[in-house]
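Following this line, the structure appears as C-alpha cells:
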C-alpha cells in the first residue's frame, strides 16, 4: 500500500513539473504555397502546444492550416486546401524582452485541390474528374511528408503572455513549397 502511494506521488509530481514548462500558441498569418501546377496565396493559422525540456530547448507539436481557397463541394476550379500536423524542436536565446528562437521540424501535410489538365490531356498528380459535360479537371488529395525550418521572436508583454512573430519555410514531396509568416499569442501555463 505504501509503495503504491509513493509511486502515485512521484507520478503526479512529474506530471505537475511537466505542466509547469508547457505553453500554447495561437497565431494567424499569410502563406504563399506552391504544389504541382498550383500557386496560391492564402490566410493561414497555427495552433501549437510546446514543452521546455531543457533551458535552451523546446519540443512543439500542433496543427498548421497552410491554405484554404475555394469550395470542393461546389467544384470550384480554384479549390486548394493544405493542412497538417507538425512536430518539431525549437532552440532559443532568452533576454528580458523575450526569446529569439529557431524551429526545425517535420509535418504530415494533406493537400487537396483541382487543377487544369496538362497539355496532353492528363494529370500530373491525381486523376481526371468531369465537372460539366466536356469539362474535366485533375483532382488530387495527397498526404505529403515535409520538413519545416523557421525563425521567430516571442516578445514578453506580461509574465506569462508573449506576442509571437515567426516565419516558416515548408518543403515536401511532389513539389510542395510554402512560406508562412504569422503573428500570434503564446501563453505559458505555469
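In the numbering used here, the protein residues as written are 13 to 202. For each residue, glycine too, the CB sits at the ideal point set by N, CA and C. As the structure is a prediction and not an experimental result, all values here were calculated from the model.
TODO: State the Cα-Cα distance for the pair residue 151 and residue 79, rounded to the nearest angstrom.
DONE: On the chain shown, residue 151 is found 139 positions in, with the first residue counted as 1. On the chain shown, residue 79 is found 67 positions in, with the first residue counted as 1. Distance between the alpha carbons of residue 151 and residue 79 is about 16 Å.
TODO: Name the residue from 99, 186, 111 whose alpha carbon lies nearest to the alpha carbon of residue 172.
DONE: Numbered from its first residue, the chain shown carries residue 172 at position 160. Answer by Cα proximity: 111.
Open item on the list: Please list the terminal residues of the continuous beta strand (DSSP E) segment that includes residue 49.
Closed with: One-based indexing of the chain shown puts residue 49 at position 37. It is not in any beta strand (DSSP E) - residue 49 carries neither H nor E in the DSSP assignment.
TODO: Give me the Cα-Cα distance between residue 65 and residue 115, rounded to the nearest whole angstrom.
DONE: As a working mapping, residue 65 is identified with position 53 in the chain shown. As a working mapping, residue 115 is identified with position 103 in the chain shown. Between residue 65 and residue 115, the C-alpha separation is close to 15 Å.
Open item on the list: Based on DSSP bridge pairs, tell me the residues matched to residue 90.
Closed with: Numbered from 1 along the chain shown, position 78 holds the residue referred to as residue 90. None, per the DSSP bridge assignment.
Open item on the list: At the level of alpha carbons, what is the spacing between residue 180 and residue 128?
Closed with: As a first step, residue 180 must be located in the chain shown, where it is residue number 168. As a first step, residue 128 must be located in the chain shown, where it is residue number 116. Each residue's Cα considered, the two are about 29 Å apart.
Open item on the list: Taking 7 Å as the limit between beta carbons, can you name the residues of its chain near residue 183, skipping five residues before and five after?
Closed with: On the chain shown, position 171 is the one that residue 183 refers to. Around residue 183: 158, 159, 189.
Task: Those runs of the beta strand (DSSP E) which lie wholly inside the region 143 to 169 and span at least 3 residues - done: 147 to 168
Task: Which of helix, strand or coil DSSP assigns to residue 100 - done: Here residue 100 is taken as the residue at index 88 of the chain shown, counted from 1. Strand.
Task: Counterpart residues of residue 192 in DSSP-defined beta bridges - done: As a first step, residue 192 is located in the chain shown; it is residue number 180 there, counting from the start. Answer by DSSP bridge pairing, in chain order: 43, 180.
Open item on the list: residue 38 and residue 197 - do their beta-carbons sit closer together than 7 Å?
Closed with: Your numbering for residue 197 matches position 185 in the chain shown. Your numbering for residue 38 matches position 26 in the chain shown. Contact flag set, yes.
TODO: Name the residue from 155, 102, 126, 149 whose alpha carbon lies nearest to the alpha carbon of residue 52.
DONE: Mapped onto the chain shown, residue 52 falls at position 40. Among 155, 102, 126, 149, the Cα nearest to that of residue 52 belongs to 126.
Task: Under the three-state DSSP convention, the category residue 187 falls into - done: Translated into positions along the chain shown, residue 187 becomes position 175. Residue 187 falls in the helix class under three-state DSSP.
Task: Exposure of residue 25, with buried meaning 16 or more beta-carbon neighbours within 10 Å - done: Numbered from 1 along the chain shown, position 13 holds the residue referred to as residue 25. Residue confidence is low: residue 25 scores 49 on pLDDT, short of 50, so the model does not pin down where it sits. No coordinate-derived value is stated.
Task: Counted within 10 angstroms of its Cβ, other Cβ atoms place residue 92 as buried (16 or more) or exposed - done: Taking the chain shown and counting its residues from 1, the one referred to as residue 92 is at position 80. It is buried - the Cβ of residue 92 has at least 16 other Cβ atoms within 10 Å.
Open item on the list: Once the 5 residues before and after residue 124 are set aside, which same chain residues still bring their CB inside 6 Å of it?
Closed with: Looking up residue 124 in the chain shown gives position 112. Only 93, 153 meet the Cβ criterion.
Task: Residue from 118, 169, 149 whose Cα sits closest to the Cα of residue 96 - done: Taking the chain shown and counting its residues from 1, the one referred to as residue 96 is at position 84. If we check each option's Cα against that of residue 96, 118 comes out closest.
Task: Neighbourhood of residue 202 by C-beta, 8 Å cutoff - its chain only, sequence neighbours within 5 removed - done: Position 190 of the chain shown holds residue 202. Same-chain partners within the cutoff: 31, 32, 33, 34, 172.
Open item on the list: I need the straight-line Cα distance from residue 176 to residue 199, nearest angstrom please.
Closed with: Your numbering for residue 176 matches position 164 in the chain shown. Your numbering for residue 199 matches position 187 in the chain shown. When rounded, the distance between both Cα atoms is 10 Å.
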